[in-house]
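Peer 1:
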Amino acid sequence: MSHTSSQPAPATFAPSGPLTGTVRVPGDKSISHRSLMLSALAVGESRVTGLLEGEDVMSTAAAMRAMGAVIIPPDGGGLSPDAGIGGGHAGQGGAGPDRLWTIHGVGVGGLLQPQTALDMGNSGTSTRLLMGLVASHAITATFIGDASLSKRPMGRVIDPLSLMGATFSPAPGGRLPLTMSGIVPAVPLSYRLPVASAQVKSAILLAGLNTPGITEVIEPVPTRDHSERMLRGFGADLSVEVEADGTRIIRLMGEAELKPQTIDVPGDPSSAAFPVVAALITPGSEVRVTNVGMNPTRAGIFNVLVAMGADLTFENEREVGGEPVADIVARHSVLTGIDVPPEVAPSMIDEYPIFFVAAAMAQGVTHAHGLDELRVKESDRLAIMAGGLARLGVHLDEREDAISITGSGGEPLAGGNGEVMIHAELDHRIAMSFAIAGLNTRGGLTIDDMSPVATSFPTFQAMLRDLAG
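Residue numbers for the sequence shown follow UniProt numbering, so the first one is 1 and each next one is one higher.
#1: Kindly give me the distance between the Cβ atoms of Ser-333 and Ala-299, rounded to whole angstroms, as I take these residues to be in contact under 8 Å.
#2: Is the segment 255-274 touching the segment 43-61 in the sense that three or more CB pairs, one from each, lie closer than 8 Å?
#3: Give the single residue among Ser-59, Phe-356, Ile-72 and Glu-400 whose Cα lies nearest to the Cα of Met-432.
#4: Skipping 5 residues on each side, what residues in its chain have a beta carbon closer than 7 Å to that of Thr-282?
#5: Do Ser-148 and Pro-458 come within 9 Å of each other at the CB atom, strictly closer than that value?
#6: For Gly-393, which residues from the same chain have a beta carbon less than 7 Å from its beta carbon, with the 5 sequence-adjacent residues on both sides left out?
#7: Count the other C-beta atoms from every protein chain shown that fall within 10 angstroms of the C-beta of Ser-408, then say buried if there are 16 or more, exposed otherwise.
#8: Using a threshold of 9 Å, state whether the C-beta atoms of Arg-152 and Ala-203 are closer than that.
#9: Just to confirm my understanding: we take Ala-468, look at its own chain, exclude 5 residues before and 5 after, and list those with CB closer than 7 Å. What are they?
#10: Does the distance from the C-beta atom of Gly-145 to that of Asp-119 stay below 9 Å?
#11: Within 10 angstroms of its Cβ, does Gln-113 collect 16 or more other Cβ (buried), or is it exposed?
#12: In three-state DSSP terms, what is Met-253?
#13: Using 9 Å as the limit for Cβ to Cβ distance, is Ile-301 near chain C?
#14: Terminal residues of the continuous beta strand (DSSP E) containing Asn-303?
#15: Starting from the Cα of Tyr-352, find the closest Cα among Ser-271, Ala-326 and Val-420 and give me that residue.
#16: For Pro-346, count neighbouring Cβ atoms within 10 angstroms of its own Cβ and tell me buried if that reaches 16, exposed if not.
#17: Whose C-beta lies closer than 7 Å to the C-beta of Asp-339 among residues of the same chain, with five residues either side of it excluded?
#18: Confirm, please, whether the CB-CB distance from Ala-196 to Ser-227 is below 9 Å.
#19: From Arg-442 to Ile-436, what does the alpha carbon distance come to, in whole angstroms?
#20: If the criterion is Cβ atoms closer than 9 Å, does the pair Pro-342 and Pro-296 meet it?
#21: Where do the ends of the alpha helix (DSSP H) carrying Glu-45 lie?
#22: Per the DSSP calculation, Asp-397 is bridged to which residue(s)?
#23: What residue ranges within the segment 17-74 form continuous beta strand (DSSP E) runs of no fewer than 3 residues, ordered along the chain?
#24: Between which two residues does the beta strand (DSSP E) containing Arg-99 stretch?
#25: Per DSSP, which residues does Gln-363 bridge with? Please list them.
#26: Measuring only the C-alpha atoms, how far is Ala-9 from Asp-449?
#27: In chain order, what are the residue ranges of uninterrupted beta strand (DSSP E) at least 3 long that sit wholly in the segment 138-187?
#28: Does Pro-172 pass the burial test, meaning 16 or more other C-beta atoms within 10 Å, or should it be called exposed?
#29: Identify which residue in Glu-317, Ala-359 and Gly-321 has its Cα closest to the Cα of Met-336.
#30: Along the chain, where does the beta strand (DSSP E) that runs through Leu-389 open and close?
#31: Consult DSSP for Asp-466 and reduce its assignment to one of helix, strand or coil.
#32: Is it buried or exposed for Pro-177, if we count other Cβ within 10 angstroms and need 16 for buried?
#33: Look at Leu-193 and Glu-219 and say whether their C-beta atoms are less than 9 Å apart.
#34: Can you have a look at Val-184 and say buried or exposed, based on whether 16 or more other CB atoms are within 10 angstroms of its CB?
#35: Going by CA-CA distance only, name the one from Glu-319, Thr-455 and Leu-206 that's closest to Val-292.
#36: Ordered along the chain, which non-local residues of its own chain (more than five positions away) have a Cβ less than 8 Å from that of Arg-24?
This is the structure in structure tokens:
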């Protein structure tokens, strides 16, 4: 499943004129992961369209099938748990909104012992959420991943799941490869999140599905709430209490019975941010991105861009499967630097790399704070973005959990084929962010490897070509 099995795919990105047209980005990755996991735990047949068919989500699909679920891709095949995924691999088959995936679940508590290690590729979300599922089942699973994922710490998930009774044998530093054994019955837990993390919250709630009694997660800083919305949608007994200071207390009644669902996955706002920012910073551009998920816990990037002066309009606003959705029209804009406070970070944590590119093209200085989470993503995104932007002539000040970026005022960034090589460190969002930056340089830049982009946005380069005409 890992993209590192292929040869590096360097690519050069240079100015190509205005970007115009209409695009639909791949399905929301967070919702795609959870659609497969919860469908696999329901009893009966669930049907999913709009699924992101990137490598990260395919890692989740392969793992759920290894533990007993039957997952049938749009082009057939996959009639047994040990069959291959079929044509759904990233870069094949496409990610069209009408492609139907069918999932026959095993029921909560019904996961089977996987016969081989679960290869998570580059997907931290798959790893941490699946650790939650395994924690309350009487099975043992080994998680492996690519070089990038194997550097990412898993301790923040290991700690609460250990309190529920699961046992772990990770590599040094709490990293992959990691073997864990679940327990039945697991111990219900009341856990206050020490850091804002939707993945940790979700792992605990997923473990709670097969745990007797009430599992409680206390969330001082709100994070994306797809798990809560979707668990309720599948029939779980889940409540959310919001205290006066904004703290959320999420309670889940265990030994749940999930009911199969029909799900239409909206477009991923994290992916939509790339064509949106590209249009905002490229003179003469106007781009429409359709069917974008606008969950308020995920829409921080768009709110911040509007605060910078972005010409964004939100049309055809509607609700699909409990999630707010809209079409976004982005037009070239004169952006102005702003101060982004730390409380915004959870709602746009994955979008900071492309936001930094927007800040680099703005007028004045942009300050962003509370960014320590960027240090432990697929790469140290704060350091790598700062280093790459500095190579493009951007003046900035990187600190432990903050950055200040002095924008160019709309002037092209430095560049030149053969002169500026960006090392994306196997990070898909770093690669795509600098690809967008390359469209607004003097002569372009080269990215060492675009193959990791298949994890979340297999059609990214084709989309840029289409928009450039």
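Where is the CB? At the ideal position from N, CA and C, for every residue including glycine.
Peer 2: Checking against the coordinates, here is how it stands:
#1: That belief does not hold up - the Cβ atoms of Ser-333 and Ala-299 are roughly 18 Å apart, past 8 Å.
#2: A contact exists between the segment 43-61 and the segment 255-274.
#3: Among Ser-59, Phe-356, Ile-72 and Glu-400, the Cα nearest to that of Met-432 belongs to Phe-356.
#4: Closer than 7 Å at the Cβ level, and outside the excluded window around Thr-282, lie Pro-18, Leu-19, His-332, Leu-439 and Asn-440.
#5: The answer is no: Cβ separation not under 9 Å.
#6: Excluding its 5 nearest sequence neighbours in each direction, Gly-393 has C-beta neighbours in its own chain below 7 Å: Leu-413 and Ala-414, listed in chain order.
#7: Looking at its Cβ environment, which holds 16 or more other Cβ atoms inside 10 Å, Ser-408 is buried.
#8: No, these two residues do not count as a Cβ contact at 9 Å.
#9: Excluding sequence neighbours, Ala-468 sits near Ser-16, Gly-17 and Leu-19.
#10: Less than 9 Å divides the Cβ of Gly-145 from the Cβ of Asp-119.
#11: By the 10 Å Cβ count, Gln-113 comes out exposed.
#12: In the structure shown, Met-253 sits in a strand (DSSP, three-state: E or B).
#13: No chain C is part of this structure, which consists of one protein chain only.
#14: First-last for Asn-303: 300-307, but that is the alpha helix (DSSP H), not the beta strand (DSSP E).
#15: It is Ser-271.
#16: Classification for Pro-346: buried.
#17: Taking Asp-339 as the centre and dropping the five residues before and after it, the same chain places the C-beta of His-367 closer than 7 Å to its C-beta, in chain order.
#18: Result no, Cβ atoms of Ser-227 and Ala-196 do not sit closer than 9 Å.
#19: Their Cα atoms are separated by approximately 13 Å.
#20: Taking 9 Å as the Cβ cut-off, Pro-342 and Pro-296 do not qualify as a contacting pair.
#21: Counting along the chain, Glu-45 falls outside any alpha helix (DSSP H), though it belongs to the beta strand (DSSP E) covering 45-49.
#22: Among the bridge pairs identified by DSSP, Asp-397 is matched with Ser-404.
#23: Along the length of the segment 17-74, whole beta strand (DSSP E) runs at least 3 residues long occupy 20-24, 45-49 and 70-72, reported in chain order.
#24: Element bounds for Arg-99: n/a, residue is neither H nor E.
#25: Answer is Thr-336, bridged to Gln-363.
#26: Those two C-alpha atoms are separated by around 5 Å.
#27: With a minimum length of 3 residues, the unbroken runs of beta strand (DSSP E) contained wholly in the segment 138-187 fall at 140-144, 167-171 and 175-181.
#28: Using a 10 angstroms sphere on the CB of Pro-172, the tally of other CB atoms stays under 16, which defines it as exposed.
#29: Residue 336 is actually Thr in this sequence, not Met. The shortest Cα separation from Thr-336 among Glu-317, Ala-359 and Gly-321 belongs to Ala-359.
#30: Looking at the DSSP string, Leu-389 is not in any beta strand (DSSP E); the run it does join, the alpha helix (DSSP H), is 381-391.
#31: It is helical.
#32: The residue is exposed, with fewer than 16 neighbouring Cβ atoms inside 10 Å.
#33: Remark: C-beta atoms of Leu-193 and Glu-219 approach each other more closely than 9 Å.
#34: Val-184 should be labelled exposed.
#35: Minimum Cα distance to Val-292 is reached at Glu-319.
#36: Sequence-distant partners of Arg-24 (beyond 5 residues in either direction) whose C-beta falls short of 8 Å from its own C-beta, in its chain, are Pro-97, Gly-267, Val-289, Thr-290 and Asn-291.
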